[in-house]
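*Asks:* Every number in this note's numbering is 481 more than the matching position in the sequence shown, counting from 1. We put the beta carbon where it would ideally sit given N, CA and C, even for glycine. Can you keep this structure in mind? I'll have questions shortly.
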Amino acid sequence: MSKIIGVTMGHPSGVGPEILIKSSTRFIRKNKSVSLLIFGSKRVLDHYSSIVETGKDFLQFIKEGRIGISDLGDLKADDFQPGLPSEEGNIAQIEFIKEAIRNINKLSAIVTMPISKIGLLREGIEIPGHTDLFKKLLSVSFVQMLFEMKGKPLIALTTTHVPLSQVPKIINKDVILRNLRMLNFAMKNLFKIRDPSIAVCGLNPHAGEGGLLGKEESEVIAPAIEVASREGINVSGPFASDSIFYRAFNGKYNAVLAMYHDQALIPVKLFGISKFVNITLGLPIIRTSPAHGTAFEIAGKGIAEYKGAYNALEVAFRLSKGVTGNLIWNI
482 MSKIIGVTMG HPSGVGPEIL IKSSTRFIRK NKSVSLLIFG SKRVLDHYSS
532 IVETGKDFLQ FIKEGRIGIS DLGDLKADDF QPGLPSEEGN IAQIEFIKEA
582 IRNINKLSAI VTMPISKIGL LREGIEIPGH TDLFKKLLSV SFVQMLFEMK
632 GKPLIALTTT HVPLSQVPKI INKDVILRNL RMLNFAMKNL FKIRDPSIAV
682 CGLNPHAGEG GLLGKEESEV IAPAIEVASR EGINVSGPFA SDSIFYRAFN
732 GKYNAVLAMY HDQALIPVKL FGISKFVNIT LGLPIIRTSP AHGTAFEIAG
782 KGIAEYKGAY NALEVAFRLS KGVTGNLIWN I
């Protein structure tokens, strides 16, 4: 039986529909043993199929049953304008995700196109992104945001979408230890790395400079590393974040655990935003996405880069091959 990967369309006025059509046709053409089920708006996808170079192939794959569409949102012509998010579009982007989750038992993985965080807030949904939304909708206790680029170190986050001023209050020994366990488990079981090595970033400049620039390294991070090491996890640090990524990208470590969002995302976007794939650990299903946002400023112009979305599909398919049944990384 062929696998079914669910794909949410993302915000109707962003680049999601365009990169979905561009990436899905190339993905389906290459991979014969998988089909896609898109949760989105048929009206929007029809519009982009008429202007994107792979639109005819996309429609043909629908006819052949290789791509299915769960038509949602009831978006009318006036509700959808590329680059101009509407209230209806803000709401629809959430409905696409909810419907994918309602169909979770028939899916091997879920790939999500970009949503608008500001759009969520404007509709009174105080959830700062996909990762947190999946955590809430699936009622799981712990998730981890992870970025993968083939041949490069995995980059995981200890905290995600929180103000920088709140990070020192959130990280503690238990939080860091739980993230190390989750990351180590995923590296062995999902990525099939037999003896994974992890580097841990410090929080402060120069990893605290021996306490001169902060004590979180000695009082919080190092004790967590010591416990993880005793548990058999191959982990080192804390290291200054201005140098550890260079060493990791040159093959010293299999993964880096960052303390906060931009500490991790700067190297991700510097080394290749379209090459990295965002993965959410801790869910009962594999979920991936491209590592970029809605890009409203170029929506509808036909110039959106599809490779990030294509890589998200490929990673979801590859990881799903190694999973039998429901796998929850609940550490």
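1. Using 8 Å for Cβ pairs, my map puts ASN735 next to PHE628. What's the rounded Cβ distance?
2. On the CB-based measure, 16 or more other CB atoms within 10 Å of its CB, does PRO677 come out buried or exposed?
3. Sorted by chain position, which residues of the same chain lie with C-beta nearer than 6 Å to GLU576's C-beta, five sequence neighbours on each side aside?
4. What residues in its chain sit with their C-beta under 6 Å from that of THR769, if we drop five residues either side in the sequence?
5. Quick check: LEU658 and ALA709, are their CB atoms within less than 7 Å of each other?
6. For LEU619, collect the residues of the same chain with a Cβ closer than 7 Å to its Cβ; drop the 5 residues on either side in sequence, then sort them by chain order.
7. Check the C-beta distance from ILE652 over to ASN665 and give it rounded, since I have them as a contact under 8 Å.
8. Is the distance from the Cβ of LEU588 to the Cβ of ALA667 below 7 Å?
9. If you reduce the DSSP assignment to three classes, tell me which class LYS862 lands in.
10. Among the residues of its own chain, which have a CB less than 8 Å from the CB of VAL533, if the five just before and after it don't count?
11. Considering only their Cβ atoms, is the gap separating THR535 from THR506 smaller than 7 Å?
12. Could you pull the start and end residues of the alpha helix (DSSP H) that THR506 belongs to?
13. Near SER717, which residues of its chain fall below 6 Å by C-beta distance, leaving aside the five closest residues on each side in sequence?
14. Are at least three pairs of beta-carbons, each pair with one atom in the segment 693-712 and one in the segment 722-735, less than 8 Å apart?
15. Going straight from the alpha carbon of GLY806 to that of LYS484, what length do you get?
16. Under 7 Å Cβ to Cβ from GLY495, same chain only, skipping five residues before and after it: list those, please.
17. In three-state DSSP terms, what is GLY806?
*Replies:* Working from what's here:
1. 13 Å between Cβ atoms; not a contact.
2. Flag for PRO677 reads buried.
3. Correct list, in chain order: LEU553 and GLY554.
4. Cβ neighbours of THR769 beyond the five flanking positions: VAL592, VAL758, ILE760, ALA793, VAL796 and ALA797.
5. Contact annotation: LEU658 and ALA709 have beta-carbon atoms nearer than 7 Å.
6. Within the same chain, ILE582, LEU764 and PRO765 come within 7 Å of LEU619 by CB-CB distance, once the 5 residues on both sides are set aside.
7. In this structure ILE652 is not in contact with ASN665, their Cβ atoms being roughly 18 Å apart against a cut-off of 8 Å.
8. With contacts defined by Cβ atoms closer than 7 Å, LEU588 and ALA667 do not form a contacting pair.
9. Because the chain is modelled from 482 through 812, residue 862 falls outside the range shown and cannot be assessed.
10. Excluding residues within five positions, the ones whose Cβ falls inside 8 Å are GLU499, ILE502, LYS503, PHE539 and GLY783.
11. Going by C-beta atoms, THR506 is nearer than 7 Å to THR535.
12. Bounds of the alpha helix (DSSP H) holding THR506 are 497-511.
13. Closer than 6 Å at Cβ, skipping near neighbours: ALA680.
14. Contact between the segment 693-712 and the segment 722-735 is absent, because fewer than three Cβ pairs lie under 8 Å.
15. With a pLDDT of only 42 at GLY806, under 50, the local geometry of the prediction cannot be trusted, and the value read off the model is given with reservation. Distance from the CA of GLY806 to the CA of LYS484, rounded to the nearest whole angstrom, comes to 13 Å.
16. Answer for GLY495: PRO595, SER597, THR775, ALA776, PHE777 and ALA780, listed in chain order.
17. In this prediction, GLY806 has a pLDDT of 42, which is less than 50 and means its spatial position is unreliable; nothing more can be read from the coordinates.
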